[in-house]
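Residue numbers (my numbering): 4 to 225.
Note that beta-carbon positions come from the ideal geometry of N, C-alpha and C, so glycine has one too.
Notes follow the structure.
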Amino acid sequence: MRSALFDQANQEKQSGQRWTLQSNKMLRVLLGPEVIAAQGAMVAYQGQMDFAYQGSKGLGNMMKKMVSGEGGNVMRVTGHGEVFFARRAEDVFLIELTGDALTVNTSSLLAFDGNLQWDVKMIGNAGMMAGGLFNLQVQGAGVVAVSSDGPPMLLDCSQQPTFVDPQAAVCWSANLTPQIKSTFKAASLIGRGSGESFQLGFHGPGFVVVQPSEGQAVVAAS
C-alpha cells in the first residue's frame with residue numbers, strides 16, 4: 004500500500020519527552036504523572052488510560068456551570084502510554100510555568116500538568132452577559148497547553164489600556180484583572196463572538212494573547 008499519508012512526517016513522534024507537539028495542530032503527552040485536560044480535547048490515546056470527569060471545582064463553580072454549559076469542565080487523565088489532544092485543527096502552544104501563574108480562557112485550554120494548582124473563575128457579571136465567560140487560573144511549576152484559532156498576537160498591556168473581544172482572548176498574565184467595558188450603541192456591535200457589545204479591558208504590567216478569531220458565538224443558556 005502506498006500513499007503520502009504514510010510519509011515519515013505523519014508518523015507519531017517518539018521524542019521521549021513528556022510534552023511534544025506532534026504537529027502545530029496536535030499535542031502528544033506521555034503519561035506517568037497525571038494530566039488535567041479540557042473535556043472533549045482528547046482525540047486518541049495508546050496504552051491504558053482512565054478519564055475521570057472533574058466537572059467544576061467547588062460549590063461556587065456549580066453556579067458557573069448553571070450559567071453556561073462550558074463552565075470550565077475538565078477531566079483527570081491517569082495511566083500509562085501516550086494521549087493526544089487537539090481542538091478543531093487550531094494551533095497548539097506550550098507554556099512552561101516556573102512557579103508563576105497564568106489565566107487561560109477555558110475555550111482555549113487543552114491540558115496542563117496535574118500538579119499545578121488551578122481554579123475556574125467567572126469575570127464579574129460577564130458570565131451572565133455572554134452566556135458564560137469563564138477562565139482557568141493555573142499556578143506552580145509545570146506545563147500548560149493552549150490552542151489558538153490561527154497565529155496569535157501578544158499585546159503588552161503596561162503602556163496603555165488594551166481591549167479585547169472576550170472570545171478572542173486566549174490567555175493573559177494572572178496579575179491582570181480584566182474590566183468589562185460596554186460599547187453598546189444602537190445598531191452597532193463591536194465584535195461578534197460575545198453576542199454583546201462589550202470587551203475585556205486590561206491595563207498594567209503584563210500581557211494578553213489574542214487569537215485572530217472570535218471563535219464560535221456563545222449562546223446564553225435558556
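Remark: C-beta atoms of V212 and P169 do not approach each other more closely than 9 Å.
Scanning the segment 101-149 for uninterrupted alpha helix (DSSP H) segments of 4 residues or longer gives 129-133, listed from N- to C-terminal end. Residue state for Q20 is assigned as coil, using DSSP reduced to three classes. Using a Cβ distance threshold of 9 Å, G145 and E99 count as a contacting pair. Straight across, the Cα-Cα distance linking D10 with L113 is about 27 Å.
By the C-beta density criterion, M125 is buried, having at least 16 other C-beta atoms within 10 angstroms. Rounded to whole angstroms, L203 and A47 show a C-alpha spacing of 35 Å. Per DSSP, the continuous beta strand (DSSP E) segment holding G204 begins and ends at 201-205. Membership of F88 in the beta strand (DSSP E) is indicated by the continuous run 77-88. With contact defined as three or more Cβ pairs closer than 8 Å, the segment 88-95 and the segment 30-47 are in contact.
Distance from A104 to A177 at the Cβ level is roughly 4 Å; contact confirmed, criterion being Cβ atoms closer than 8 Å.
Residue pairing by DSSP places K184 opposite Q202 in a beta bridge. Rounded to whole angstroms, the separation of the alpha carbons of E93 and S150 is 6 Å. A Cβ-Cβ distance of about 16 Å is found for the pair V147 and Q214, leaving them out of contact under the 8 Å criterion. About 5 Å separates the CB atoms of Q51 and G82; that is less than 8 Å, so the two are in contact.
Closest option to R21, judged by alpha-carbon separation, among V107, F201, P181, V38: V38.
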